[in-house]
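Residue numbers (full-length UniProt numbering): 1 to 374.
No residue lacks a Cβ here, since even glycine has one placed at the ideal position from N, Cα and C.
Please read the structure below before turning to the comments.
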Ligand SMILES: Cc1cc2nc3c(=O)[nH]c(=O)nc-3n(C[C@H](O)[C@H](O)[C@H](O)COP(=O)(O)OP(=O)(O)OC[C@H]3O[C@@H](n4cnc5c(N)ncnc54)[C@H](O)[C@@H]3O)c2cc1C
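Below, the structure is given as structure tokens:
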């Protein structure tokens, strides 16, 4: 394996970009292919929680300059995860004291993703939808795009999210299950009118309110360390329920659904939804990958949601994608140093990534089950 081994990455999401950052730094020839036309053409969500694993992976993957951008554009750290009943009586709380400001516990997803593009302008190609690949006679991989054209490399990494086209070809038997849970995500801008509406605890981390009527609501603040014109503080709001309670249609006012669902609860909750920006609401179907066994290692592998989609109940999907990027980049670096072949490096990555990813899904499913047992 030479220093200029060419790695193709399908998907400029969180995992794909973190991997590209590490590979670029380590001297690989990297090309990332992203189906979206621009980094901001699609709303991918709001606040993400990063844990110790995600932080460690970021430190492993990112050159100092990129990590600095991520840190500067992140949100003020939180120290609380708590649950309440619909009367806003606390039923459980976990406090995480003394998180250093070097750690990043909250990010705005779009801002985070844009920070991960730092230094990668010439490596990321937008409006390139990967549709499939073929293994060449020399054992390399040629990937093709819906928009036309193709590219060839030594390794293709499918980091193309839960609907992965790369997974569909590599593991046609792999399935992603609809868990029968639906979410409405939205944002309440924090300003002088809305700030006083936010209960003190809701400013400290993720707060979950469980209703008696089959709905649950989650809230978490994003207060940027350095607010700017683009980076405006907000409270993430989410309404979650089984699909028999919540099946939003395109023509519905999604914020109104959240306001109505919480009508009989403590008035604070309803007020937060009432002050949310109606245009920021969008629905999500919650899914989880079914376990797949190891496959025969070749010049194509998978990373993040492409192989282990999980419900957001654990708040760890992005953290796990970052861990994958850290593990894979470490293995590829060993291969570049001549310590193993490219094939051995990918096999070693898959041996770690697969059990870790599916154990994390198990955990997230257990948490979803606890929340929605009723
Ligand atoms: C509502 C919600 C809240 C969440 N909260 C958290 C949280 O707090 N903490 C946490 O750790 N995780 C959270 N997650 C999970 C987290 O968002 C995902 O696990 C994470 O984004 C996975 O990263 P990824 O790089 O694998 O995929 P993605 O970030 O989904 O990136 C995939 C990329 O591939 C691109 N793409 C797709 N198909 C193609 C194609 N055919 N060709 C080219 N490009 C393609 C997409 O446009 C996208 O840019 C949450 C998820 C949801 C839905």
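Within the region 156-208, the runs of beta strand (DSSP E) at least 3 residues long that lie entirely inside it are, in chain order, 176-189. For residue 275, same chain residues with a beta-carbon under 7 Å away, outside a window of 5 residues either side, are 188, 194, 197 in chain order. Take the alpha-carbon of residue 309 and the one of residue 302: they are about 12 Å apart. Looking from the CA of residue 6, the closest CA among 20, 356, 213 belongs to 20. Taking a C-beta distance under 7 Å as the contact criterion, residue 206 and residue 81 qualify as a contact pair. Straight through space, the alpha carbons of residue 31 and residue 149 are spaced by roughly 14 Å. Bounds of any alpha helix (DSSP H) do not take in residue 236; it lies within the beta strand (DSSP E) bounded by 234-242.
Scanning its chain for C-beta atoms nearer than 7 Å, with the 5 sequence neighbours on each side dropped, one finds around residue 299 the residues 135, 139, 140, 141, 154, 155, 156, in chain order. Residue ranges of uninterrupted beta strand (DSSP E) with 3 or more members, entirely inside the region 35-102 and ordered along the chain, are 47-49, 80-85, 90-95. Counting along the chain, the unbroken beta strand (DSSP E) around residue 106 starts and ends at 106-108.
Taking non-hydrogen atoms of ligand 1 into account, the C-beta of residue 160 is found less than 6 Å away from one of them.
Short of 6 Å from the beta carbon of residue 73, and not among the five residues preceding or following it, lie these beta carbons of its own chain, in chain order: 111, 115.
For the pair residue 330 and residue 249, the Cα-to-Cα distance works out to about 44 Å. Taken through DSSP and simplified to helix, strand or coil, residue 246 comes out as coil. Your pair residue 186 and residue 280 checks out as a contact, with CB atoms roughly 5 Å apart and the cut at 8 Å. Setting aside the 5 residues that flank it on each side, residue 258 is surrounded in the same chain by 184, 186, 217, 237, 239, 273, 276, 281, each with a C-beta closer than 8 Å to its C-beta; the list follows chain order. Cβ neighbours of residue 162 within its own chain (closer than 8 Å, five residues either side excluded): 176, 287, 289, 305, 306, 309.
Residue 312 is bridged by DSSP to nothing; it lacks a bridge partner. For residue 353, the closest of 336, 338, 33, 317 by C-alpha to C-alpha distance is 317. Burial is judged here by how many other beta carbons sit within 10 angstroms of a residue's own beta carbon; residue 108 has at least 16 and is buried.
Relative to the Cα of residue 78, the nearest Cα in the group 223, 69, 58 belongs to 223. Positions of the alpha helix (DSSP H) runs, each at least 4 residues long and wholly inside the region 249-286, are given as 254-261, 267-274 in order along the chain.
Under the DSSP definition of a beta bridge, residue 219 partners with 207, 237. Between the region 334-353 and the region 80-99, the count of C-beta pairs closer than 8 Å stays below three; the two stretches do not touch.
Taken from the Cβ of residue 321, at least one heavy atom of ligand 1 lies inside 6 Å. When only Cα atoms are considered, residue 125 and residue 213 end up about 46 Å apart.
Between ligand 1 and residue 59, a heavy atom-to-CB distance of less than 6 Å is absent. Taking all protein chains shown into account, residue 4 has fewer than 16 neighbouring C-beta atoms within 10 Å of its C-beta and is therefore exposed. Here DSSP, grouped into helix, strand and coil, assigns residue 358 to helix.
Under the DSSP assignment, residue 330 falls in the alpha helix (DSSP H) whose first and last residues are 317-336. Under the 8 Å Cβ criterion, the region 162-171 does not count as touching the region 251-269, having fewer than three qualifying pairs. Separation of residue 119 and residue 334 (C-alpha to C-alpha, rounded to the nearest whole angstrom) is 23 Å. The beta carbon of residue 129 sits closer than 6 Å to at least one heavy atom of ligand 1. For residue 104, the closest C-alpha among the options 361, 243, 56, 370 is that of 56.
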